[in-house]
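Notes for the one structure printed next.
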Amino acid sequence: MAPKYTLDAVDKHLKDITELQLLFGGKTIILGGDFRQIPPVVPKAGRSEILNVSKSSPLLTENVKASSGGIGWSNFLIQLRNGELQNDSNVVKVPDDMLSSGDIADEMFGDIVTLEDMSAAVGRSILTPRNFDSLEINNKVLSKLPGQEKIYRSIDKAMNDETEANNDTEYSLEFLNSLTLQEYPPHELHLKKGAVIMLLRNLRVNQGLCNGRRLTVAHMDRYILGCKIVTGANKGEYVLIPRIIFCPPAYDTSPCRFKRRQFPLLKELYAGSTVVFQATLELLAIPGVRRIRISRRTFAWKEMITHGFTAVFNVENTAVM
1 MAPKYTLDAV DKHLKDITEL QLLFGGKTII LGGDFRQIPP VVPKAGRSEI LNVSKSSPLL
61 TENVKASSGG IGWSNFLIQL RNGELQNDSN VVKVPDDMLS SGDIADEMFG DIVTLEDMSA
121 AVGRSILTPR NFDSLEINNK VLSKLPGQEK IYRSIDKAMN DETEANNDTE YSLEFLNSLT
181 LQEYPPHELH LKKGAVIMLL RNLRVNQGLC NGRRLTVAHM DRYILGCKIV TGANKGEYVL
241 IPRIIFCPPA YDTSPCRFKR RQFPLLKELY AGSTVVFQAT LELLAIPGVR RIRISRRTFA
301 WKEMITHGFT AVFNVENTAV M
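Numbering (UniProt numbering), first residue to last: 1 to 321.
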């Protein structure tokens with residue numbers, strides 16, 4: 001969820017714009033998600049620090065799950081959230097109609113075999129919290145699509161404010177290439193014409209090129225990609241995506257810090273970003289995602305508790321899971 005400072009900033013800006021001292025300037029604000037299960041993300045923070053930036057009391061006291069799932073799905077979510085579904089072993093049984101019956105990738109995308117079917121992929125996702133697993137699933141299904149695959153490799157360089165000149169010998173290029181960090185695109189970006197991808201950085205917000213925007217590949221050049229936006233108000237527009245430099249965030253204190261020059265894209269045709277861009281599953285709130293699957297084999301127990309709750313509370317009914 002957003003930290004309390006974000007909500008306070010929106011409240012102040014709307015009051016300033018409308019010149020009204022009503023809550024949020026008198027505008028209706030809809031907050032998605034669950035404040036009790038999804039705390040704000042604070043890098044390297046302890047429990048008390050996370051609680052400190054959380055909104056202590058919700059602005060909305062009534063939550064109505066208005067969807068085709070009806071009251072039954074809403075009651076299931078309430079019981080799950082309140083811890084009323086556990087058995088004697090403190091295990092929650094997943095309903096049979098939410099379980100996958102076979103290969104999860106084939107089940108979700110087996111019917112997409114031509115470029116004409118690609119529009120159906122925009123509304124489907126496989127969730128996994130780890131980059132490695134999402135890349136593996138994406139590459140598996142991408143290989144089944146028609147057309148020639150093109151691989152774009154990044155340029156990586158170790159960095160350190162004091163000893164940057166000597167870092168190239170401390171960390172080999174092969175080692176840097178093998179790393180796939182949370183905020184970085186992969187070293188090798190496998191693409192085909194028509195593949196669905198997700199933008200990882202804000203490039204031109206006024207044109208719809210913002211973090212999380214989904215596109216399809218229309219043209220592949222050596223230094224630039226031509227894409228079409230497939231979600232949002234700018235849907236259908238043709239845009240050009242250049243390579244940019246990714247640097248570690250200021251709070252990153254890891255000994256191996258490096259820069260990566262790559263297209264700011266994540267191949268999200270099947271898993272990882274339609275999805276989850278690595279740190280969070282809250283991207284499920286993006287309009288257009290109508291069908292998701294959770295890859296159970298990639299979740300540790302702690303991850304299943306955290307991300308499993310997020311996934312369940314962001315879908316409309318059991319037919320979507």
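Note that the Cβ used here is the ideal one computed from N, Cα and C, for glycine as well.
- Exposure of residue 233 is indicated by the presence of fewer than 16 other C-beta atoms within 10 angstroms of its C-beta.
- If you draw a straight line from the Cα of residue 248 to the Cα of residue 158, it is about 11 Å long.
- Spatial neighbours of residue 202 in its own chain (CB-CB distance under 8 Å, excluding positions within 5 residues in sequence) are listed in chain order as 209, 210 and 211.
- By the CB criterion at 8 Å, residue 260 and residue 246 fall inside the cutoff.
- DSSP places residue 178 in the uninterrupted alpha helix (DSSP H) bounded by 173-178.
- Close CB contacts of residue 50 within its chain, under the 7 Å cut and outside five residues either way in sequence, are with 39, 40 and 42 (chain order).
- Rounded to the nearest angstrom, the gap between the Cα atoms of residue 176 and residue 132 is 15 Å.
- By the Cβ test, the region 219-237 is not in contact with the region 93-111, since fewer than three Cβ pairs between them sit closer than 8 Å.
- Its chain contains 131, 132, 135, 186 and 187 as the residues whose beta carbon lies nearer than 8 Å to that of residue 180, once the 5 sequence neighbours on both sides are disregarded; these appear in chain order.
- For the set 15, 53 and 26, the Cα lying nearest the Cα of residue 5 is the one of 53.
- Here residue 125 carries a strand assignment [DSSP, helix/strand/coil].
- By the CB criterion at 8 Å, residue 265 and residue 200 fall inside the cutoff.
- It is roughly 24 Å from the alpha-carbon of residue 72 to the alpha-carbon of residue 124.
- Looking at the DSSP output, residue 204 shares a beta bridge with 209.
- Setting aside the 5 residues that flank it on each side, residue 149 is surrounded in the same chain by 142, 143, 190, 191 and 192, each with a C-beta closer than 8 Å to its C-beta; the list follows chain order.
- Annotation: the continuous beta strand (DSSP E) that includes residue 246 extends over 244-246.
- Classified as buried, residue 196 has 16 or more neighbouring CB atoms from the shown chains inside 10 Å of its CB.
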